[in-house]
Each structure stands twice: as C-alpha cells, then as structure tokens.
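Residue numbers (this note's numbering), protein chains in the order written: chain A, 1 to 288; chain B, 1 to 233.
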Amino acid sequence: MDAAFWIVQALNALQLSMLLFLLSVGLTIVFGLMHFINLAHGALYALGAFVAVSAAGFTGSTWAAFAAAPLAVATVGVLLYLLLIRRLRSAGPMNQVLVTFGLIFVFLDLFRMIWGDIALGLPEPEVLAGQTGLFGVVYPTYRLFIILLGLAVMAVLALVLARTPIGAMIRAGVDNDRMAACLGIDVDRLFFLVFCVGCALAGLAGAVAAPVLSVTTDMGTGILIPTLVVVVVGGLGSLKGAVAGSLLTGFVQTFGAVIAPQLAAIAIYAMLAAVLILRPAGLFPARA
Amino acid sequence: MLEIAELAAGYGETQVLHGLSLTVPAGRVLALLGRNGAGKTTTLRAVMGLVPARGGSIRLDGRPLAGLPPHAIARLGIGYVPETRDIFPSLTVRENLELAARRFARPGAAWTMERVLALFPALAGRLGTGGGQLSGGEQQMLAIARALLMNPLLLLLDEPTEGLAPIVVQQIHDKLAELKAEGLTMLLVEQNFGFAVSLADEVAMLGRGAVVWSGSPDAARADGEAQARWLGV
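The structure is reproduced here in structure tokens:
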C-alpha cells in the first residue's frame with residue numbers, strides 16, 4: 001500500500017463525511033432547538049434518492065433531479081410537520097421516538113409500492129463523468145463534486161448561522177428557547193424553517209449519493225445509525241459538532257474498513273464509546 | 001396597566017399561586033416582596049406565559065394574556081428580565097441587543113441602541129464580547145438593556161440585585177431610578193427589602209402564593225410586624 005492508496009482512501013472518507021454532514025446538520029440543529037429527534041430522517045434521504053431517479057427519468061437530466069429531490073423532500077417535510085410533528089411537540093421524547101420510528105416502516109413500504117424492490121441507479125451528470133488527477137492520484141470526478149458540494153453547503157450554513165439575523169435567532173433559540181420566546185421570537189416557526197431546510201438537505205444528500213450507491217428501499221435505515229453517531233459524537237445542536245462528527249465518523253468508518261476489515265462493523269461504535277467517555281456531551285455541544 | 005386577578009398557577013402537581021391578585025398602574029413601580037418559594041418568580045413567569053395560568057386572569061391594558069404563547073406576550077409590550085438573566089452565551093453582546101432591537105425598532109421608539117449604550121456605558125466597550133464571558137453585573141445590565149430595546153410598556157424584573165457586589169447593586173439602583181423617573185411601568189420582584197422599597201411607588205408582600213400585605217413604601221418600612229412575618233427580616 002503506497003501513498004496514492006491512502007490519498008484515495010482519504011478522499012473516500014471525505015466524500016462519506018460530506019454525505020453524513022448533509023444528513024446530520026439538520027437533525028442536530030432541530031434537536032438543539034426543540035429537543036426533537038426525527039428517526040425518519042434516513043427515510044427522507046432515501047426518498048431524495050428515489051425522487052432523483054424518477055425526476056432524471058422524466059427530464060433526462062441528473063441536474064434537474066438534484067434540484068427536484070430537495071424540493072420534493074422539503075414538501076414532504078412540510079406535510080409531516082403539519083400533520084404529525086407539530087402535534088408531537090409537547091408529547092414527550094418517547095412518543096416522538098415511537099412515531100418517527102414507525103414512519104421509517106411507512107416510508108419503507110411506500111418505497112416498495114412506488115419504486116419496487118429492485119435496486120435502481122442514477123447516472124452521474126455528463127460533465128462530471130470520468131476521472132480527475134489530484135494529489136498525484138486519479139479520482140472519480142463525481143466523487144470530488146460530492147466533496148465540494150458538502151464543503152459549499154458547510155460554508156453557506158456557517159455564514160448564515162454566524163452572520164445573519166436569522167442565524168442569531170437560531171443560535172439564541174438553541175441556547176435558551178424560552179428566553180428567545182420572551183424576546184418575541186416565534187421559536188416554533190424557527191423550528192419549522194430549520195426542519196424544512198434539514199429535510200431538503202437530506203433529500204439533496206440522497207440525490208447526490210444515488211450515482212455512487214445503488215438506490216434501494218433500505219438505504220435510509222443503513223445510513224440512519226452513522227448519522228445519529230455523528231450527531232452524538234459532534235455534540236447536540238451545533239454546526240461545528242456536525243462538521244467534526246461527520247469527519248470523524250467518515251474517516252473512522254472508511255479507514256476502519258481498510259485497516260482492520262474484521263473490526264469495521266464496530267469501528268464507529270468504539271469511537272462513539274471513546275468520545276462519550278472522554279466528552280460525555282460530545283465534542284462541541286451547543287449548550288456547554 | 002397590568003391587572004392580575006385570582007391567579008392560580010404552578011408546576012406539575014405543585015400549585016404555587018393560590019388566587020393572587022395585584023395591579024400595576026401605568027407609570028408606577030410595584031415591588032413584589034416575599035420569602036423564597038412564596039411565588040414571586042412564578043408570578044412573573046405566569047405573566048410571560050412560561051407557566052400556564054390554571055385559573056384567574058392576567059390583563060395588559062384590558063387585554064387578556066392567559067393562553068397566549070410567550071412570544072406573543074412579549075410583542076404586546078412586556079419586557080422580561082429573568083432572575084437568571086438568560087444572556088445567550090453563543091451570541092455577542094451586540095447580537096444579544098440586536099435580537100431585541102431588530103424586532104421592536106420603530107420610528108420614534110423611545111429606546112435605541114445608542115440610548116441603551118448611553119445608559120449602560122459599560123456595555124459599549126464590550127459589544128464584541130461573547131455573552132458567556134460577562135461578569136454578573138454586566139449580565140444584569142445587558143439583560144435590562146435588552147429588555148429596554150423591546151420598547152416595553154411594562155418591564156418585569158426578577159431579583160436584579162441577586163448575587164451582585166454592593167457597588168453594582170447601587171449602579172443598578174441608579175439606572176432603575178432613571179427609568180422610573182421617565183415613567184416606565186415596572187413590576188420589581190426582590191429579596192433586597194431596602195433596594196426594592198427605595199425604588200417602589202407601591203409594595204406588595206407575597207405569602208403562600210397570594211398577596212398578604214400591600215401599601216406604600218413608607219407603610220412597608222414602618223410595619224415591622226409584616227416584615228418579620230412575611231419577609232423574615
């Protein structure tokens with residue numbers, strides 16, 4: 001194994017980290033604001049992938065699919081919020097977990113009914129086909145695109161959170177939702193907005209993952225656990241935590257599989273345990 | 001301005017307020033005194049909608065507040081300075097202030113950023129500081145400044161002197177006296193008898209979740225028996 005091999009693995013890890021970031025950032029900030037965890041978030045990722053496959057079939061354009069998936073998933077998010085989640089707000093964590101856990105199975109069966117049980121694929125956009133030379137290795141251009149997209153979303157979210165009035169409102173709501181409400185901020189509406197953005201990002205993650213993974217009904221359940229690991233390792237409610245947690249989880253999972261394949265299945269859980277022993281609240285919790 | 005009648009409120013199984021009634025007239029300062037656990041903080045929290053009212057009524061200029069969410073009550077014109085100050089640690093001092101200023105700024109409003117910084121010059125030099133890095137006195141000033149930027153009709157203050165050094169208590173006293181001179185309506189909850197009585201136009205003492213004594217500051221000072229019985233001073 002030479003340097004080129006490790007560079008490729010690092011890029012693979014980075015690409016996985018970016019998908020995990022797109023998934024976990026909405027989840028963690030929604031949790032920070034409202035202490036609400038949506039276990040069906042993984043199903044929304046799968047929905048994004050399926051919608052992308054269908055949209056590409058209709059329009060013949062993968063780019064159109066990348067635009068359609070977040071919009072469609074955000075719309076489903078709006079419906080979920082209005083029909084279910086709004087009522088669950090004061091129902092306590094156990095009910096929230098049970099209902100959103102149940103939603104996973106509802107979505108699984110809906111995917112089977114609509115798209116069937118056969119794995120589907122999505123072609124990558126033509127301009128991104130092929131390989132690119134980087135750091136002395138050749139790497140699939142499309143995977144580099146995923147990395148850049150993740151970094152771009154990261155930068156935009158960081159800017160919005162740090163520099164805009166709405167970002168300050170979100171940080172205030174995560175710090176202390178009751179005091180934020182006492183300053184006239186409608187925290188429920190803020191939560192709704194963040195929830196929808198989180199759904200759109202999950203849909204986007206599913207759509208951009210579709211060309212590199214096969215699109216199957218259970219792809220959402222597979223990614224849910226690593227996503228929750230990211231949220232817990234990073235520390236609840238913070239963007240910095242989502243970034244750190246995604247990178248750590250992506251790298252541990254990728255390099256764990258390379259270095260010790262027989263232990264790969266437990267690598268991220270060992271990391272989770274280690275982080276929780278050293279930093280019980282995660283690496284960068286929003287509420288210190 | 002604020003009329004509370006027969007208010008019942010509490011947490012879970014525990015009822016704290018048992019038929020509390022009080023009135024804060026416009027332009028006046030009412031000091032609400034009482035021992036720990038008498039229901040002072042719960043009264044303010046019930047006014048803000050943070051604790052649901054189980055009975056009775058709360059009205060602001062005749063408009064019932066019960067059942068409204070806290071953000072709606074805040075927008076009707078009540079500024080709240082909680083006991084714990086609740087400065088947002090993830091926000092700078094400037095962001096803490098702007099959060100209130102942006103939502104409540106209107107042309108001709110009494111309180112602007114410049115004016116609160118003139119009132120609390122100590123904050124002017126700390127605008128870029130994180131909310132989590134302030135001293136207790138600075139936190140208290142910021143909490144009051146933030147509430148003023150809401151241009152409230154009524155200011156609720158929960159133990160503004162708690163945990164502060166005597167010199168800072170004196171500063172806060174002078175600032176609140178300035179606000180009083182401007183005619184700002186305030187409901188002031190305190191444990192510090194001397195501080196509260198020197199600011200107040202009227203005094204109410206709380207015992208077991210209801211008002212048990214009310215009168216002028218002079219009468220409160222003179223009534224040693226009521227002080228001993230309801231305040232333990």
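C-beta: ideal position from N, C-alpha, C; glycine also.
Residue 169/A: contacting residues in chain B (beta-carbon distance under 8 Å):
On the first sequence, position 169 is the one that residue 169/A refers to. Neighbours of residue 169/A on chain B, chain order: 99.
Could you tell me whether any Cβ in chain A is nearer than 9 Å to the Cβ of residue 52/B?
To locate residue 52/B, count along the second sequence from 1; it is residue 52. Not a single C-beta of chain A is nearer than 9 Å to the C-beta of residue 52/B.
Taking the CB atoms as reference points, tell me whether residue 234/A and residue 173/A lie closer together than 9 Å.
Taking the first sequence and counting its residues from 1, one reaches residue 234/A at position 234. Taking the first sequence and counting its residues from 1, one reaches residue 173/A at position 173. Not closer than 9 Å, so no.
Give the DSSP bridge partners of residue 29/B, in chain order.
Mapped onto the second sequence, residue 29/B falls at position 29. Note: residue 29/B sits in a beta bridge opposite 186/B.
Any beta strand (DSSP E) of 3 or more consecutive residues that is wholly inside the stretch 48-131 of chain B
The stretch 48-131 of chain B contains these whole beta strand (DSSP E) runs: 53-60 and 78-81.
Taking only beta-carbon atoms, is residue 90/B less than 9 Å away from chain A?
Here residue 90/B corresponds to residue number 90 of the second sequence, with the count starting at 1. Taking Cβ atoms only, chain A reaches closer than 9 Å to residue 90/B, which makes this a yes.
Report the three-state DSSP secondary structure of residue 135/B (helix, strand or coil).
Along the second sequence, one-based indexing puts residue 135/B at 135. In the structure shown, residue 135/B sits in coil (DSSP, three-state: anything other than H, G, I, E or B).
So residue 120/B contacts chain A; which residues on that side make the cut at Cβ distance below 9 Å?
As a first step, residue 120/B is located in the second sequence; it is residue number 120 there, counting from the start. None at all; the shortest Cβ gap to chain A is about 17 Å.
For the stretch 229-272 of chain A, which segments carrying the alpha helix (DSSP H) assignment without a break, of at least 4 residues, lie completely within its bounds, in sequence order?
Qualifying alpha helix (DSSP H) stretches, in chain order: 239-259.
If I'm right that residue 197/B touches residue 220/B with Cβ under 8 Å, what's the distance once you round it to whole angstroms?
For the purposes of this step, residue 197/B is taken as the residue at position 197 of the second sequence. For the purposes of this step, residue 220/B is taken as the residue at position 220 of the second sequence. 6 Å between Cβ atoms; contact.
How about residue 172/A: is its C-beta nearer than 9 Å to some C-beta of chain B?
Indexing the first sequence from 1 puts residue 172/A at position 172. Residue 172/A counts as touching chain B.
Counting C-beta neighbours from all protein chains within 10 Å, is the total for residue 13/B 16 or more, i.e. buried, or is it exposed?
Against the second sequence, residue 13/B aligns to sequence position 13. Counting of Cβ neighbours within 10 angstroms places residue 13/B among the exposed residues, the total staying below 16.
CB contact check: residue 186/B to chain A, cutoff 9 Å
By one-based count along the second sequence, residue 186/B stands at place 186. Not one chain A Cβ lies under 9 Å of residue 186/B.
For residue 75/B, would you say it is in contact with chain A, using Cβ-to-Cβ distances shorter than 9 Å as the test?
Stepping through the second sequence from its first residue, residue 75/B is reached at position 75. Output row for residue 75/B: interface = yes.
Would you say residue 36/A and residue 85/A are within 9 Å of each other, going by their C-beta atoms?
By 1-based counting over the first sequence, the position of residue 36/A is 36. By 1-based counting over the first sequence, the position of residue 85/A is 85. Result yes, Cβ atoms of residue 36/A and residue 85/A sit closer than 9 Å.
Between the C-alpha atoms of residue 214/A and residue 19/A, what's the straight-line distance to the nearest angstrom?
In the first sequence, counting from the first residue as 1, residue 214/A sits at position 214. In the first sequence, counting from the first residue as 1, residue 19/A sits at position 19. Rounded to the nearest angstrom, the gap between the Cα atoms of residue 214/A and residue 19/A is 15 Å.
Range covered by the alpha helix (DSSP H) that runs through residue 185/A:
Looking up residue 185/A in the first sequence gives position 185. Going by DSSP, residue 185/A is part of no alpha helix (DSSP H) at all; its letter is neither H nor E.
Enclosing beta strand (DSSP E) for residue 11/B [first to last residue]
Translated into the one-based positions of the second sequence, residue 11/B becomes position 11. Counting along the chain, the beta strand (DSSP E) containing residue 11/B begins and ends at 2-11.
Which chain B residues sit within Cβ distance under 8 Å of residue 91/A?
For the purposes of this step, residue 91/A is taken as residue 91 along the first sequence, with counting starting at 1. By Cβ distance, chain B contributes nothing, its closest Cβ being about 16 Å from residue 91/A, past 8 Å.
Does any residue of chain A bring its CB to less than 9 Å from the CB of residue 146/B?
Sequence index remark: in the second sequence, residue 146/B carries index 146 (1-based). With 9 Å as the cut-off, residue 146/B counts as an interface residue toward chain A.
Please name the residue in 58/B, 95/B, 89/B and 17/B whose C-alpha comes closest to that of residue 168/A.
Taking the first sequence and counting its residues from 1, the one referred to as residue 168/A is at position 168. Of the listed residues, the one whose Cα sits closest to residue 168/A is 95/B.
Where the stretch 36-52 of chain B meets chain A: residues whose CB sits under 7 Å from a CB there
Of all residues in the stretch 36-52 of chain B, 48 and 50 have a Cβ within less than 7 Å of some Cβ in chain A.
Can you list, in chain order, the residues of its chain whose CB lies under 6 Å from that of residue 187/B, leaving out five sequence neighbours each side?
On the second sequence, residue 187/B is found 187 positions in, with the first residue counted as 1. The answer, listed in chain order, is 24, 30 and 156.
Got a sec: is the Cβ-Cβ distance from residue 52/A to anything in chain B below 9 Å?
Position 52 of the first sequence holds residue 52/A. Under the Cβ criterion of 9 Å, residue 52/A is not counted among the residues facing chain B.
Check this for me: beta carbons of residue 40/A and residue 203/A, under 9 Å apart or not?
As a working note, residue 40/A is residue 40 in the first sequence. As a working note, residue 203/A is residue 203 in the first sequence. Taking 9 Å as the cut-off, the beta carbon of residue 40/A is found no closer than this to the beta carbon of residue 203/A.
Give a yes or no on whether the minimum CB-CB distance between residue 82/B and chain A is below 9 Å.
Position 82 of the second sequence, counted from the start, is the residue given in the question as residue 82/B. Taking Cβ atoms only, chain A reaches closer than 9 Å to residue 82/B, which makes this a yes.
Which whole-angstrom value is the C-beta distance of residue 47/B and residue 160/B, which I expect to be below 8 Å?
Taking the first residue of the second sequence as position 1, residue 47/B is located at position 47. Taking the first residue of the second sequence as position 1, residue 160/B is located at position 160. Not really, about 16 Å apart at Cβ, beyond 8 Å.
Using a Cβ cut-off of 7 Å, pull out every chain A residue sitting near residue 95/B, in sequence order please.
Locating residue 95/B in the second sequence gives position 95, where the first residue counts as 1. Those are 168, listed as they occur along chain A.
Kindly indicate if chain B contains any beta-carbon less than 9 Å away from that of residue 82/A.
Along the first sequence, one-based indexing puts residue 82/A at 82. Taking a beta-carbon distance threshold of 9 Å, residue 82/A does not count as an interface residue toward chain B.
Decide if residue 127/A is buried, meaning its Cβ has at least 16 other Cβ atoms within 10 Å, or exposed.
The residue labelled residue 127/A in the question sits at position 127 within the first sequence. Result: exposed.
Where does residue 2/A sit, in a helix, a strand or coil, going by DSSP?
Your numbering for residue 2/A matches position 2 in the first sequence. In this structure, residue 2/A counts as coil in the three-state DSSP scheme.
Spatial neighbours of residue 132/B within its chain, please: C-beta separation below 6 Å, excluding the five flanking residues on both sides.
Against the second sequence, residue 132/B aligns to sequence position 132. Taken in chain order, the residues that qualify are 89.
For residue 139/A, write down the residues that DSSP places opposite it in a beta bridge.
For the purposes of this step, residue 139/A is taken as residue 139 along the first sequence, with counting starting at 1. Bridge pairing for residue 139/A: 132/A [DSSP].
Given that a residue counts as buried once 16 or more other Cβ atoms are within 10 Å of its Cβ, and exposed if not, what is residue 189/A?
In the first sequence, residue 189/A corresponds to position 189, counting from 1. Residue environment: residue 189/A is assigned as exposed (fewer than 16 neighbouring CB atoms within 10 Å of its CB, all protein chains considered).
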